[in-house]
Structures are given as C-alpha cells and as structure tokens.
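Engineer: Quick note on the UniProt record's numbering: the sequence shown kicks off at 1 and runs consecutively.
Have a look at this one before I ask anything.
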Amino acid sequence: MGTEQYHEPPSELPAETRTFARMCASLSEEAEAIGWYVQRMAVEPDAESRAIMHDSLGEEFKHFSMELEFLLRRTPLWREIARGILFTDGDIVQHGEDSEARATGD
Numbered sequence: 001m002g003t004e005q006y007h008e009p010p011s012e013l014p015a016e017t018r019t020f021a022r023m024c025a026s027l028s029e030e031a032e033a034i035g036w037y038v039q040r041m042a043v044e045p046d047a048e049s050r051a052i053m054h055d056s057l058g059e060e061f062k063h064f065s066m067e068l069e070f071l072l073r074r075t076p077l078w079r080e081i082a083r084g085i086l087f088t089d090g091d092i093v094q095h096g097e098d099s100e101a102r103a104t105g106d
C-alpha cells in the first residue's frame with residue numbers, strides 16, 4: 001500500500017485520519033484528471049473522441065464532488081466556510097473572507 005499521502009507514520013495515525021488523508025489524495029487526483037480531460041478536449045479534432053472524453057470528464061467531476069462532500073461532512077468548519085462561498089454570485093474572494101470570518105468568529 002502506498003503511503004505517499006501521509007506526512008506522519010501511518011501506523012501512528014488513527015484510522016479516521018488515514019481515511020481522511022486518502023480522500024484528500026483522491027480529491028487531488030480527480031482534480032488533476034479533470035484538468036487533463038479539459039486540455040485533451042481543447043486540442044482533440046475528432047468530435048466522437050471529444051464526446052467520449054466529455055463523458056469521462058463528467059465522471060471525474062462526479063467523483064470530485066462526492067469526495068469533496070465526504071470531506072465537508074467530516075469537517076464542520078470547512079462545511080460552514082464552503083456554504084458562504086459555493087453557489088453564490090459576486091466576488092469569490094470576498095465571499096471567502098466573509099465566510100471564514102463568520103465561521104471562525106474573527
């Protein structure tokens with residue numbers, strides 16, 4: 001089993017922390033795959049090939065979203081901050097600052 005996602009000895013980490021680290025690694029891998037598909041589709045001249053890649057991209061985004069939701073459910077502060085940023089209009093950075101201040105009381 002690979003341990004590159006850990007910065008501490010895995011045997012010293014509780015199971016919950018190891019699961020959390022695995023999900024963070026998976027989220028990162030899905031984001032990377034999304035970027036690859038976007039690049040491939042941008043240069044692919046064949047429409048049928050692009051359609052297949054587009055379908056694959058949707059799967060990667062679905063997995064990314066599921067992993068993000070998993071992490072947010074287990075980290076209430078992150079979830080609270082995310083609620084003030086996600087699915088909003090306007091200045092993303094300002095929403096982030098405001099949401100973090102509300103969530104942390106700063």
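Built from N, CA and C at the ideal position, the CB exists for glycine as well.
All figures in this text were calculated on a predicted structure; none of them were measured in a lab.
Is the distance from the Cβ of Ala31 to the Cβ of Phe64 below 8 Å?
Structural biologist: Closer than 8 Å, so yes.
Engineer: So what's Gly35 in DSSP terms, helix, strand or just coil?
Structural biologist: Helix.
Engineer: Given a threshold of 16 other Cβ atoms within 10 Å of its Cβ, counted over all protein chains shown, does Glu60 qualify as buried or as exposed?
Structural biologist: When all chains shown are included, Glu60 counts as buried.
Engineer: DSSP state of Ile52, grouped into three classes?
Structural biologist: Note: Ile52 maps to helix in three-state DSSP.
Engineer: Quick one: is Tyr37 near chain C, going by C-beta distance under 8 Å?
Structural biologist: Absent from the structure is chain C; it holds one protein chain and no more.
Engineer: Taking Pro76 as part of the alpha helix (DSSP H), name the residues at either end of that continuous run.
Structural biologist: Where Pro76 is concerned, the enclosing alpha helix (DSSP H) stretches over 76-83.
Engineer: Considering only C-alpha positions, which residue in the set Arg18, Met23, Ile52 is nearest to Tyr37?
Structural biologist: If we check each option's Cα against that of Tyr37, Ile52 comes out closest.
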